[in-house]
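**Q** With my numbering, letter number 174 in the sequence shown gets 1066, and the count goes up by one each step, no holes. All residues carry an ideal CB built from backbone N, CA and C; glycine is no exception. All values derive from a computational prediction rather than experimental measurement. Below is one structure. I have some questions about it.
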Amino acid sequence: MATYAIGDLQGCLSPLVQLLEQIQYHPEHDTLWFAGDLINRGTESLETLRFIKSLGDRVKIVLGNHDLHLLAVSHGFGKLKRGDTLAEILTARDRDELMDWLRKQPLYHYDESLNTVMTHAGIPPCWDLHKTQTLANEVENILQSDRVDDFFATMYGNTPDKWSDELTGLDRLRTITNYLTRMRFCDENSRLDLESKEGVNTAIKGYAPWFNYPTKVPHDCHIVFGHWAALEGKTQQARIHALDTGCVWGGSLTALRLEDKQRFSTPCTLNRKKT
């Protein structure tokens, strides 16, 4: 029995199948964690979503920014962007079933036995585990409520860019969402820079990768995240594990076995949809 955390799929089902063969995944004994961004940019987004859903209870998922983008567009908010590969999902016969399943997925997952937490983008320096879970639950609750359209109508945007317990309403929900699904760089006060998207050496003055700051997460707890392909899987932090190794961009797809932290990877076998 083993638990494997896998980085951003972004619609790359064929490399996933190869990776599962490599690790000799057994659906009755092993558990898979997916760090978000299941779909978009790759050429197999619909097939990927169907496959992950079919795995049932042996899968733990957190939502990424691309997953939320798909949900927003499916609810009539936001627009498909150049390079999006979501149209096939939006016109699929099982679209409603897939969207209902996706909307019920969390933004935060913690396993006490493995002492490991997963979100799509990481955990900001200003939050501990309890606060992260509590705030993630606020967004999860709105996603599953009859107010979900209000959330999607105001989800996009880079402000507020700094957490405050005084934040309320939709501004509060947008800020939580940005920390959990879009964060890369921040300053010492956890103020976000959501414009910079490249490697660690491209931070603007006064900002650094979120994992370079002291954390409120217990020092024996491991953090796994995706989202940041430019890291190439490296954080230089022994207990903070970057899993997005850029499969959709011609890199590789990575799995981390959580029991012993051994990594496995398979090269990309697909080309991103040309735009």
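What's the gap between the Cα of residue 1095 and the Cα of residue 1088?
**A** Translated into the one-based positions of the sequence shown, residue 1095 becomes position 203. Translated into the one-based positions of the sequence shown, residue 1088 becomes position 196. Straight-line Cα distance between these residues: approximately 7 Å.
**Q** Under 8 Å: do the region 1118–1137 and the region 1101–1108 share three or more Cβ pairs, one atom per stretch?
**A** The region 1118–1137 vs the region 1101–1108: in contact.
**Q** Indicate whether residue 1036 and residue 996 have their beta-carbon atoms separated by less than 9 Å.
**A** As a position in the sequence shown, residue 1036 is number 144, starting the count at 1. As a position in the sequence shown, residue 996 is number 104, starting the count at 1. Yes, they are a contact pair.
**Q** Which residue's Cα is closest to the Cα of residue 1158: 931, 1053, 913, 920?
**A** Taking the first residue of the sequence shown as 1, we reach residue 1158 at position 266. Looking at the Cα atoms, 913 is the closest of the given residues.
**Q** Could you tell me which of 1039, 1046, 1057 sits nearest to residue 1026, measuring between CA atoms?
**A** On the sequence shown, residue 1026 is found 134 positions in, with the first residue counted as 1. For residue 1026, the nearest C-alpha among the options comes from 1057.
**Q** Please classify residue 958: does DSSP put it in a helix, a strand, or coil?
**A** As a position in the sequence shown, residue 958 is number 66, starting the count at 1. If DSSP states are grouped into helix, strand and coil, residue 958 belongs with the helices.
**Q** Looking at the secondary structure, which residues open and close the alpha helix (DSSP H) in which residue 993 lies?
**A** Counted from its first residue, the sequence shown places residue 993 at position 101. It spans 987–995 - the alpha helix (DSSP H) in which residue 993 sits, taken as one unbroken run.
**Q** Could you give the residue range of the beta strand (DSSP E) that holds residue 1103?
**A** Numbered from its first residue, the sequence shown carries residue 1103 at position 211. Where residue 1103 is concerned, there is no enclosing beta strand (DSSP E), given that its DSSP letter is neither H nor E.
**Q** Count the CB pairs spanning the region 969–985 and the region 944–956 that are closer than 8 Å, and state whether there are at least three.
**A** No, the region 969–985 is not in contact with the region 944–956.
**Q** Taking 9 Å as the cut-off, decide whether the C-beta atoms of residue 1023 and residue 993 are in contact.
**A** Here residue 1023 refers to the residue found at position 131 when the sequence shown is read from its first residue. Here residue 993 refers to the residue found at position 101 when the sequence shown is read from its first residue. No, the Cβ-Cβ distance between residue 1023 and residue 993 is not below 9 Å.
**Q** With DSSP as the reference, label residue 1095 as helix, strand or coil.
**A** Counting from one through the sequence shown, the residue named residue 1095 turns up at place 203. Looking at residue 1095 - three-state DSSP - the assignment turns out to be coil, as it is neither helix nor strand.
**Q** Counting Cβ pairs closer than 8 Å, one from the region 1035–1054 and one from the region 1140–1153, do we hit at least three?
**A** Flag = no, the region 1035–1054 and the region 1140–1153 do not touch.
**Q** Can you find the residues in the same chain that come closer than 6 Å, C-beta to C-beta, to residue 911, ignoring five residues on each side of it along the sequence?
**A** For this step, residue 911 is matched to residue 19 along the sequence shown. For residue 911, where only same-chain residues beyond five positions count, the Cβ hits under 6 Å are 1145, 1147, 1158.
**Q** In terms of DSSP beta bridges, what is residue 1013 paired with?
**A** If you number the sequence shown from 1, residue 1013 lands on position 121. Paired residues: none, contrary to the question.
**Q** The beta strand (DSSP E) with residue 1161 in it runs from where to where?
**A** Taking the sequence shown and counting its residues from 1, one reaches residue 1161 at position 269. Careful: residue 1161 lies outside any beta strand (DSSP E) and carries neither H nor E.
**Q** Nearest to residue 1068 by alpha carbon, out of 1013, 895, 991?
**A** Counted from its first residue, the sequence shown places residue 1068 at position 176. Of the listed residues, the one whose Cα sits closest to residue 1068 is 1013.
**Q** Thinking C-beta only, is residue 1091 closer than 9 Å to residue 899?
**A** Looking up residue 899 in the sequence shown gives position 7. Looking up residue 1091 in the sequence shown gives position 199. Cβ atoms of residue 899 and residue 1091: not closer than 9 Å.
**Q** Tell me whether the beta-carbon of residue 1140 lies closer than 9 Å to the beta-carbon of residue 1160.
**A** Reading the sequence shown from its first residue, position 248 is the one you call residue 1140. Reading the sequence shown from its first residue, position 268 is the one you call residue 1160. Contact flag set, yes.
**Q** Against chain B, does residue 1041 count as a neighbour if the rule is that its beta carbon must be under 9 Å from one of theirs?
**A** The question asks about chain B, but that chain is absent: this structure has only one protein chain.
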